[in-house]
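In terms of numbering that gives the first Met the number 0, the sequence shown has 605 at position 606, counting the first letter as 1, and numbering is strictly consecutive.
We put the beta carbon where it would ideally sit given N, CA and C, even for glycine.
From a predicted model like this one, the values you see are computed outputs, not experimental measurements.
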Amino acid sequence: MLLEPDREQLEIFADAIFRRAGEEGFVTIRSFLEEGGRVLRITPAARSGGLKFLVDACEDDARRAAQNPAPAVFCPPLAVFIGKDRAREEDLLEGLALSVECDQHPREARIVLEGLLGSATVVVRSGGTWSNGGTAPEDKLHLHWRLKLPATGKSLVILKQARDLAARLVGGDPSNKPVCHPIRWPGSWHRKADPRLCTIEQVDADVEIDLDAALATLQKAAPPQPPKAKPNGTSLGESSEWLTLVRNIITGASYHSSLVALAARLVGSKMHDGSAVTLLRAIMSSSTAPQDTARWQARFDAIPRIVRSAREKYQKDESPPAGPLPFIDMQPWDTNPAPPRPWAVTDRIPIGQPTLFSGEGAAGKTLVELQLCVAHVIGRDWLGGLPEFGPAIYYGAEDDADELHRRLTAITVHYGVKFSDLIDGGLHLLSFAGEDAVLAVPDRQGKVQPTPLFERLLEAAADIRPKHIGIDATADTFAGNEIDRSQVRQFVGLMRKLAITANGSVVLLAHPSLTGINSGSGLSGSTAWHNSVRARMLLRTVQEQDGDGQSASDLRELSFLKNNYGPLSDAVVLRYQNGLFLPVAGQSTLEKLAREQKIDGAFLDVLTKLTRQNRPVSPSAHASNYAPKIIAGHPDGKAYTLRDYKVALERLLAADRIHIASFGPPSKTIRHLAPGPAPTEGD
């Protein structure tokens, strides 16, 4: 009897999986011999041919595989390829489904995965069986979730990662991780032993999933890989044990003991307590058992305590590190010169170390920090210094996206750039306003632990390699006791790890205490803040002294109070104008020169007009017609301040571009300013 494929099953499956596929590329219809894995047949089917063309080709090749004298498997990958000759990962055009081959505990695996991801688009009985330890065998299952959008480009990497996590979670076939991996289709024949038709157990062709959301769910629930398995120990990645524990929770068979066992394994894998709590809560939330609400809630609420207990036991059992101390080999230092010290901003902000940036509320720390971020990504001046060119990350917990938009608009206008320039330069903004932004929290022993959010930031830093990371502010990101010296040093240590990973600077924005404000130290809590960082800055409001009409709140002083690696930089006086802070006398040479030229030009233009109108102005600050005051009030001179014109007066006199003239009798000589150099005798 010749075996025939089931065309209806093939068509239902192809429609369910390829519904979102584009019209370009090829489906590679593949068949292999069961023994040895040699290729039996490869038929490319152009996507432009449509569903019927694909099903016709599949039916023909499935028939050839079923009727081949030697057992063969019909297994086209659920993907579209660029060309028709190859089906490697580098040849992928589109990945269409998150697929898992559940070869162990298939029924339980399905419960777990559908509990996490929702019902599968197609559940297929692959034709194989799992012996189930000698009891009633179970049909092996293949679960497929169609993607809302086919995975392309970088999304193919995400799809591969999601397939790997799903397989690890339920002990699925690890070889099915690549998106190009061949897989049996329903409607074809399984011929390893007695022939069995591969069939659809359940299908809902309207079901599809979002890939990013699926990955996030699987990352929470899948067993993490331990850094290194202990000798003669049980690896956390042993999926059968992990699956049993997860199954006990999801089915409601055993909440407490399974949570305790999983917590011990998570802590032993070096996972942070906060991440372990999040993962266990995600698994609990996936429970499909008829809920005894009170029992379920009690176990859910107990998860943080269970994790803490696991941590305490792990720390007691953990043996001290073995081996000699890792002394540094100094032998090469006689011939190798010391490397130059890296700076994010020379003599102000070091690379590879955290810098503390303090300032009372509303002083303008966030704005100064954003100016620094922009200066990094466009390679421009920052308050008289030149930051190292490169990407930057701003991690904010106080201002929302709209406020950041407003602040950055003023900065882009000042520098004459667009937001697209900031994007191209690598500026990455994060806003957790109104949300949990904590990066570190102490455990019951007082040891500061990184949160999952810190781990994500650390991963981003390793990927982006920013020259600068701004953390705004410590009050929102450090959940420990700021007067506890040990906790402060541990938190700063985590920030140092972040800086080293990024190979950049980390600036911690902080609010001083009332004592810190009054004393001028700018500190809050323990002196460990000052002692632990390698550089420290303070922004404070200063009072105007010359009465030029500017508000005192417009002036700030940026002081550099600590620098372990060089001399302290001079303080910079800043004025708030046009939405950002600018140095009163501390711009970069080129920008300062350009601005001075504009001020001098405005001064001379107005002075020339006043002279033509026979309206003399005086060089004396005590005169009612004091030149800088009159020019600053003139319609053509309002672009700059009285202070600007005071400095310009001295500069123009020194350059002989203006001079002091006089008229009237000797007894009533009136001195006034005139354009150009003073006339020489005889002129």
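Open item on the list: When you compare the CB positions of Val487 and Ala439, do they come within less than 8 angstroms of one another, or not?
Closed with: no
Open item on the list: Assuming contact is defined by CB atoms lying nearer than 8 angstroms, are Phe31 and Ala71 in contact in what I supplied?
Closed with: yes
Task: CA nearest to the CA of Ala135, picked from His104, Pro303, Lys667 - done: His104
- [ ] Please list, in chain order, all residues of the same chain as Glu556 whose beta carbon is under 6 angstroms from its beta carbon, the five residues on each side excluded.
- [x] Arg539, Val541, Ala570, Val572
- [ ] For Thr500, count neighbouring Cβ atoms within 10 angstroms of its own Cβ and tell me buried if that reaches 16, exposed if not.
- [x] buried
Task: Pairwise C-alpha distance: Ala396 and Glu368 - done: 13 angstroms
TODO: Label Asn335 either buried or exposed according to how many other C-beta atoms from any shown protein chain fall within 10 Å of its C-beta, with 16 as the threshold for buried.
DONE: exposed
Task: Test item: CB-CB of Trp144 and Ala215 under 8 angstroms - done: no
Task: Extent of the continuous beta strand (DSSP E) run through Ile630 - done: Where Ile630 is concerned, there is no enclosing beta strand (DSSP E), although the alpha helix (DSSP H) it sits in stretches over 626-632.
- [ ] Taking Gly363 and Tyr575 to be in contact with their CB atoms under 8 angstroms, please state how far apart those CB atoms are, rounded to whole angstroms.
- [x] 7 angstroms
Task: Nearest to Phe25 (by Cα), restricted to the options Val505, Pro43, Ala64 - done: Pro43
Open item on the list: Using C-beta distances below 7 angstroms, list every residue in its chain close to Arg46, excluding the 5 sequence neighbours before and after it, in chain order.
Closed with: Ala20, Gly21, Glu22, Glu23, Gly24, Phe25, Val26, Val79
Open item on the list: Using 8 angstroms as the cut-off, can you tell me whether the stretch 87-95 makes contact with the stretch 122-132, which would need three or more C-beta pairs spanning the two stretches below that distance?
Closed with: no
- [ ] Could you check what DSSP says for Ser256 in three-state terms: helix, strand or coil?
- [x] helix
Task: Between the CA atoms of Phe580 and Val605 - distance to the nearest angstrom - done: 27 angstroms
Open item on the list: Suppose you measure from the CA of Ser587 to the CA of Ser568; what does that come to, to the nearest Å?
Closed with: Since pLDDT at Ser587 reaches only 45, below the 50 mark, its modelled position is unreliable, and the value read off the structure follows with that caveat. Looking at the two C-alpha atoms, the distance is approximately 15 angstroms.
Open item on the list: Suppose only complete runs of 3+ residues qualify. What are the beta strand (DSSP E) ranges in the stretch 39-118, listed by chain order?
Closed with: 71-73, 78-80, 91-101
Task: Of the listed residues Leu456, Ala461, Pro339, nearest to Thr476 (C-alpha basis) - done: Leu456
Open item on the list: Which residues does DSSP list as the beta-bridge partners of Phe31?
Closed with: Val38, Val72
- [ ] Out of Val506, Leu50, Ala61, state which residue places its alpha-carbon closest to the alpha-carbon of Asp5.
- [x] Ala61
TODO: Can you grab the Cα-Cα spacing for the pair Arg246 / Asp272, in whole Å?
DONE: 22 angstroms
Open item on the list: On the criterion of 16 or more Cβ atoms from any shown chain inside 10 Å, does Lys191 qualify as buried, or is it exposed?
Closed with: exposed
- [ ] In angstroms with no decimal places, state the Cα-to-Cα distance between Gly236 and Pro173.
- [x] The predicted model places Gly236 with a pLDDT of 41, which falls under 50 and marks its position as unreliable; any figure quoted below should be read in that light. Gly236 and Pro173: Cα-Cα distance of roughly 12 angstroms.
TODO: Would you please state the rounded distance, in angstroms, between the beta carbons of Val169 and Val99? I believe it to be under 8 angstroms.
DONE: 7 angstroms
- [ ] Leaving out five residues on either side along the sequence, give the residues of the same chain with a beta carbon under 8 angstroms from the beta carbon of Ala213.
- [x] Leu97, Leu116, Trp144, Ala161
Task: Leu355 versus Asp84, Gly492, Phe17, Ala374, residue with shortest Cα-Cα distance - done: Gly492
Task: Residues near Gln201 in its chain [Cβ-Cβ closer than 6 angstroms; skip 5 each side] - done: Val122
- [ ] Go ahead and label Tyr564 buried or exposed: buried means 16 or more other beta carbons lie within 10 angstroms of its beta carbon, across all protein chains shown.
- [x] exposed
Open item on the list: Please identify the residue among His510, Gln448, Arg495 whose C-alpha is closest to the C-alpha of Ser531.
Closed with: Arg495
TODO: Keeping to the same chain, check which residues put their C-beta closer than 6 angstroms to that of Leu382; ignore five residues upstream and five downstream.
DONE: Val571, Pro582
Task: Whole-Å CB distance - Arg670 paired with Pro627, under 8 angstroms assumed - done: So it is not a contact: roughly 15 angstroms between Cβ atoms.
TODO: Find the nearest neighbour of Leu155 within the set Pro390, Lys176, Ser504, judged by alpha-carbon distance.
DONE: Lys176
TODO: Assess, as a yes-or-no matter, whether the stretch 434-451 is touched by the stretch 253-268 under the definition of 3 or more beta carbon pairs within less than 8 angstroms.
DONE: no
Open item on the list: Tell me the rounded alpha-carbon separation between Asn562 and Ile249.
Closed with: 55 angstroms
- [ ] Specify, as a first and last residue, the run of the beta strand (DSSP E) that Arg484 falls within.
- [x] Careful: Arg484 lies outside any beta strand (DSSP E), inside the alpha helix (DSSP H) at 484-501.
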